[in-house]
Amino acid sequence: MNMALTQTLNILCSTLLLLRHVVLTRAALGKWDLLQPSIGIVSMHMQLLHTDRVVIYDRTDFGYSNISLPDGKCRDDPTERKVKHDCTAHSVEYDVASNTARPLMVQTNVWCSSGAVMNNGTLVQAGGDSDGERVVRLFTPCPDCDWNEIKDGLLVRRWYSTTLILPDGNGQLIIGGRQQYNYEFYPKTTPSDKVYDLPFLQQTNDDKSENNLYPFVFLNLDGNLFVFANNRAILLDYINNKVVRTYPEIPGGDPRNYPSTGSAVLLPLKENVGVEVLVCGGAPKGAHPKAIDTNPEFVGALDTCARIGINDLNPQWAMETMPMGRVMSDMLLLPDGNVLIINGAGNGVAGWDIGRNPVLEPVVYRPDSPSGSRFEVQNPSSTPRMYHSSTVLLRDGRVLVGGSNPHELYEFTNVLFPTDLSLESFSPSYLDPKFAYLRPKIISPASQSGIRYGQNVPIRFNLQLGRLDSDSLMVTMLAPPFNTHTFSMHQRLLVLKKLDLTHVGYSTYQIRVVTPDTSHLAPSGYYLVFVVYKNIPSEGMWVRIS
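Per mature numbering (1 follows the signal peptide of the UniProt record, and there is no 0), the sequence shown runs over residues -27 to -1, 1 to 519.
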C-alpha cells in the first residue's frame, strides 16, 4: 500500500471516529419539559414515595404562598415575622401520573430541615427553624393523609442537619446542624436516649462560614458511617460513638459543604467492587466571606471532583475536572449507574443573593469510563435553578426539577433571579424515542412485591429483540433519596448479581438475580428495581426488602 493511500485511509478513519463521537455526544444531550408553571410553593425539599407521589415543601415564613390550604384551613402563629394568620400551603403532594399538586398543611417551620423514608413508607422529616427546630413530622402515604407533627421529637435544635436511614429501616440517625456537633436517633426507644458528641463536626467548623452543614453521610458495608464535612471525612462507628478511620483532606483543602455547597454520592455498589464516594463542586476557601462583604466578590466555583475508595488499605482522593465550575448543584444516581450533576451556579456560594452565573447545563458522569473521559455535557434548561432548588429521580426514569429562591421572601420582579414555583423534567438520553426498541418492560414480579435478603428473584420482562447479549444486561436497585440543599440523603444504587438469563417466549425473557444479602448493603424499605439493557433502563418497579 503506497504512502498516499495510507494517509488517505488514516484521515478517513479519523474522520469516521470524529463523526461517531459527535453522533454519540449529540445523542446523549437529554430533553427538558415544563410540567407545571407553578405548584404554588418553592420546591426546597423533595422526596419520592412508593405511591409515585412526591412530597415537596418550603419554609413557612416566606409569606403567603400561591396555593391555598383546603377546606378553609389556616395556620395561626404569633411568632411568625411575615404572616401570623396564613391560609396558604407550604407543602404539597405532587402526583406524577396526573401532573397535579395537592396542598398539605405543615404547622411549624420546616426551613432547611432533613428527612428520610422508614421501611413502612412513612416519610419522617426532622427539624427546621424557629418553632420547628425540634419538631419531627410524619407523612404516611394515603389519598387524604396530611402531616402529623411531634413536638420535641428531637432532643436538640436541628437546622441544616442530615438524616440517614439505619440498616433495620425503622430507625434514623440525625447528625449535625448549625452549632450542633453531635447526633441523635429517632424514634426514641428509652427515656435515657441522649445526644452523642461528635468533635469532628466542631473541628471542621470554619469560624465565619461553618462549611460543615448538611454533612455528606453514607452507610458503609461494615455498618459504619462515612461522614464528610468541609474538606475531609471520617468513618464513624455510630453505635459505640467511635471514630474508626480518618481520611486525608481533599487535595487543595477547599470546602465542599454548606454554604460552600458542593454535593456527593455513594457510587453504585457492585459485586466484588470497592465502595467509592464522589464529591463534586463547591467554592474555594474564603469565597463565603467575600460574597457577603459590603463590596461583594463572587468567586468562581470549584470545577473539581474528588473520588475515594473508602475501604481501601491506603485510601487517597483521586481528582478529576468537570467541564465547568459548579456550586449548589445536585448529584443524582441514574438507573443506568451514571451520575447526573444538575442545577447550581458558576460563582458565589449558597445563601441570600450571593450566587451568580447560573449553570444551566446538566452533566452526566460515567464512573466506569476511563479517567479523563467521564463527563458529558447535556442540553441546557432555560430556567436558573439557584439557591433552594431540588431534584429527584422518578420511576419512569425522568428527573423532576424545581425550586429556586435566593431571597428571604418570595420575590417575582425586580430581582436578578426571581422566585421560581415551576416544576420541569429532564429526560436523560436513555429516554430518547430512538432507543425504545432497547427498552425492557418488566412483567413480574408485581410492583410493591416483598423480597427478602439473599433471595434468588426471577424477573420477567419484554424486549422486542430476538436475542439478547447477557453481558449488556443488568438489574439495578435504587433507594429514592430525600433531596435538599444539593444533597440527596440516603441515596444508594445497587447492581444486583446475575445468575442466568432465559428466553421464555416470544420477546419475553427471565433473568434471575440475587437480592442484597445484608441490611448494611441495603437497609430495609422500599426500592425501585430497573432492568437495564445496553444502558437503556426499563421503568422502575417498586419492591420492599425486609
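From the three backbone atoms N, C-alpha and C, an ideal C-beta is built for every residue, glycine too.
In this structure Asp303 touches Asn456 by the C-beta definition: roughly 6 Å separates them, less than 8 Å. Under the DSSP definition of a beta bridge, Cys278 partners with Cys253 and Glu293. Distance between Ser417 and Gly375, taken at the CA atoms: about 33 Å. In the DSSP secondary-structure assignment, Glu66 is bridged to Val28 and Arg75. Leu389 sits in coil when the DSSP states are folded into three classes, being neither helix nor strand.
Under the three-state reduction of DSSP, Ala452 is assigned to strand. For Tyr360, the secondary structure class from DSSP, reduced to helix, strand or coil, is coil. By the C-beta criterion, the segment 486 to 500 is judged not to be in contact with the segment 116 to 132, since fewer than 3 inter-stretch pairs fall below 8 Å.
Apart from the 5 residues on each side of it in sequence, Gly427 sits with its Cβ closer than 6 Å to the Cβ of Asp490 in its chain, given in chain order.
The beta carbon of Leu240 is closer than 6 Å to those of Glu249, Leu251 and Pro340 in its chain, skipping five residues each way along the sequence.
If you draw a straight line from the Cα of Tyr220 to the Cα of Asn72, it comes to about 44 Å. Residue burial annotation: Thr475 is exposed, with fewer than 16 other C-beta atoms found within 10 angstroms of its C-beta.
In the displayed model, Ser402 falls within a helix according to three-state DSSP. Residue pairing from DSSP places Phe199 in a beta bridge opposite Phe191 and Leu208.
Taking the Cα positions, Asp285 is about 8 Å away from Gly247.
The beta strand (DSSP E) runs of length 3 or more contained entirely in the segment 71 to 128 are, from start to end of the chain, 73 to 77, 87 to 90, 96 to 99, 109 to 112 and 121 to 123.
Per the C-alpha coordinates, the member of Ile29, Leu2 and Ile207 positioned closest to Val365 is Ile29. When Cβ pairs closer than 8 Å are counted between the two stretches, the segment 403 to 417 is seen to touch the segment 498 to 509, the count reaching three or more. Listed as beta-bridge partners of Ser417 by DSSP are Arg433. In this structure, DSSP gives Leu394 a state outside helix and strand, which the three-state scheme calls coil. Around the CB of Gly317, 16 or more other CB atoms lie within 10 Å, so the residue is classed as buried.
Pro510 carries a strand assignment under DSSP once its states are collapsed to helix, strand and coil. Between the segment 343 to 352 and the segment 378 to 387 there are fewer than three inter-stretch CB-CB distances shorter than 8 Å, so the stretches are not counted as touching.
Between Leu307 and the set Ile12, Ser461 and Asn92, the nearest pair of CA atoms involves Ser461. Taking a cut-off of 8 Å for Cβ pairs, the segment 144 to 158 and the segment 196 to 212 touch, as three or more such pairs fall below it. When DSSP states are grouped into helix, strand and coil, Asp303 belongs to the strand group. Rounded to the nearest whole angstrom, the CA to CA distance from Val312 to Arg280 is 13 Å. In the same chain as Val238, and ignoring 5 residues on each side of it, the C-beta atoms closer than 7 Å to its own belong to Leu251, Met304, Leu306, Val312 and Gln464, in chain order.
For the set Glu397, Trp84, Met78 and Val27, the Cα lying nearest the Cα of Gly94 is the one of Val27. A check of alpha carbon separations from Gly255 across Asn245, Phe271 and Met301 identifies Met301 as the nearest.
Residues of the same chain with a CB within less than 6 Å of the CB of Asp179, apart from the 5 flanking positions on each side, do not exist. Cβ atoms of Ser134 and Ser87 come within 8 Å of each other, at about 5 Å.
When beta bridges are read from the DSSP output, Pro331 appears opposite Ala318. The alpha carbon of Lys167 has as its nearest neighbour, out of Ser233, Asp44 and Glu157, the alpha carbon of Glu157.
Around the CB of Glu270, fewer than 16 other CB atoms lie within 10 Å, so the residue is classed as exposed.
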